[in-house]
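In our numbering, the protein residues as written are 1 to 289.
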């Protein structure tokens, strides 16, 4: 693992990397993942948990136009969460900080950050919201999370992240071997490729393919390959209004992402636009029929 210690007379630079954890089966996650337009590996990460390992193209080339990894991951987590009924947890790290972002539905994401030396740089209340949204134990787990927000000169940023993952194991998370916070995106992808069992690869085909896969044959409320999301054509009388709301929200989110040159937020806006436009189109056809 990269460290900030001297090695051979040179100071090793901590790597930049990230993982996305979804509380859903890989089959469901794989349908939405192409919307992020990023090459990723997808595999199991415990009971009812899936991990996505991104290639990391948006933040590569730090100092030459690369995006901050936390901004990218927040956008990606939000993009996946607004299109599903399951929460998405982004874990990220770079040379200066480590942290997480938890996105769930249309609610405001909750996040926490530590400096690389382990100094807490977030609000303790965020941890309580984090625990509540994931349904963690309100006593034991919250006590452990509170410990991660306390000053501890012996715990650096990676130790804080390992402590967070230890709490998540009680919620069923089991990261495959080699998917270790602090590793680079390249090393994480190599580790993902060697995970026993089925590993899916997403090449970032785009939102059209994901929408096509999601609507799928039948187009009924039980379709969508177990996505747990509202599927256009379900007959819900509120579907058209939901579609209009998604389009209305998707436009400013996409514009914001373009203005900030953030691939993550552009993906979130594209997902909202795709869901909303498809829903309005299907309900319009149903109405004329």
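The beta-carbon is built from N, C-alpha and C at its ideal position, and this holds for glycine as well.
Please check the pair residue i and residue j, which I expect to be a contact at CB under 8 Å, by giving their CB distance rounded to whole angstroms.
i           : j           : result
residue 176 : residue 45  : 7 Å
residue 77  : residue 109 : 7 Å
residue 18  : residue 183 : Not really, about 10 Å apart at Cβ, beyond 8 Å.
residue 290 : residue 49  : It is not possible to answer for residue 290, since the shown part of the chain is limited to 1 through 289.
residue 23  : residue 92  : About 18 Å separates the two Cβ atoms, so there is no contact after all.
residue 32  : residue 84  : 6 Å
Residues in the same chain with beta-carbon distance under 8 Å from residue i, minus the five sequence neighbours each way, listed in chain order, please.
i           : result
residue 68  : 59 and 94
residue 119 : 151
residue 292 : Outside the modelled stretch of the chain, which goes from 1 to 289, sits residue 292, for which no answer is possible.
residue 189 : 41, 53 and 55
residue 127 : 112, 142, 145, 146, 148 and 149
residue 47  : 172 and 174
residue 193 : 41 and 199
Which value, in whole angstroms, describes the spacing of the CA atoms of residue i and residue j?
i           : j           : result
residue 154 : residue 274 : 47 Å
residue 30  : residue 124 : 33 Å
residue 133 : residue 250 : 24 Å
residue 198 : residue 43  : 7 Å
residue 89  : residue 174 : 14 Å
residue 131 : residue 80  : 20 Å
residue 168 : residue 28  : 21 Å
residue 141 : residue 116 : 23 Å
residue 137 : residue 258 : 39 Å
residue 165 : residue 254 : 32 Å
residue 75  : residue 101 : 10 Å
residue 187 : residue 51  : 15 Å
residue 185 : residue 135 : 29 Å
residue 139 : residue 73  : 29 Å
Suppose the cutoff is 7 Å on Cβ atoms and the five residues either side in sequence are ignored; what does the same chain contact list for residue i look like?
i           : result
residue 114 : 97, 98, 99, 120, 121, 157 and 160
residue 206 : Unreliable placement is indicated for residue 206, whose pLDDT of 48 sits below 50; no coordinate value is reported for it.
residue 196 : none
residue 82  : 105, 106, 268, 271 and 272
residue 129 : 110
Could you pull out every residue in the same chain whose Cβ sits closer than 6 Å to the Cβ of residue i, ignoring the five residues on either side in sequence?
i           : result
residue 163 : 148
residue 10  : Residue confidence for residue 10 is low, a pLDDT of 34 falling below 50, so the modelled location carries little weight and cannot support an answer.
residue 191 : 178 and 179
residue 103 : 77, 78, 81, 88 and 109
residue 66  : 59 and 60
residue 170 : none
residue 220 : Because residue 220 sits at a pLDDT of 33, beneath the cut-off of 50, its placement in the model cannot be relied upon, and the following sentence gives the value as read from the coordinates. The answer is none, since no qualifying residue turns up.
Is the closest heavy atom of the ligand ATP to the C-beta of residue i under 6 Å?
i          : result
residue 95 : The ligand ATP is absent from the structure shown, which contains no ligand whatsoever.
Identify the continuous beta strand (DSSP E) that holds residue i and give its terminal residues.
i           : result
residue 101 : 97-103
residue 131 : Per DSSP, residue 131 belongs to no beta strand (DSSP E); it is in the alpha helix (DSSP H), 124-134.
residue 147 : That residue, residue 147, is in no beta strand (DSSP E); its alpha helix (DSSP H) goes 140-148.
residue 115 : 110-115
residue 90  : 88-93
residue 54  : 50-54
residue 314 : This structure cannot settle anything about residue 314, because the visible part of the chain is limited to 1 through 289.
residue 21  : 17-22
Using a Cβ-Cβ distance cut-off of 7 Å, determine whether residue i contacts chain D.
i           : result
residue 273 : Among the chains in the structure shown there is no chain D, since it carries only a single protein chain.
For the alpha helix (DSSP H) that residue i lies in, which residues bound it at each end?
i           : result
residue 290 : Since the first residue of the chain shown is 1 and the last is 289, residue 290 is not available in this structure.
residue 26  : 26-32
residue 195 : Careful: residue 195 lies outside any alpha helix (DSSP H) and carries neither H nor E.
residue 159 : 157-169
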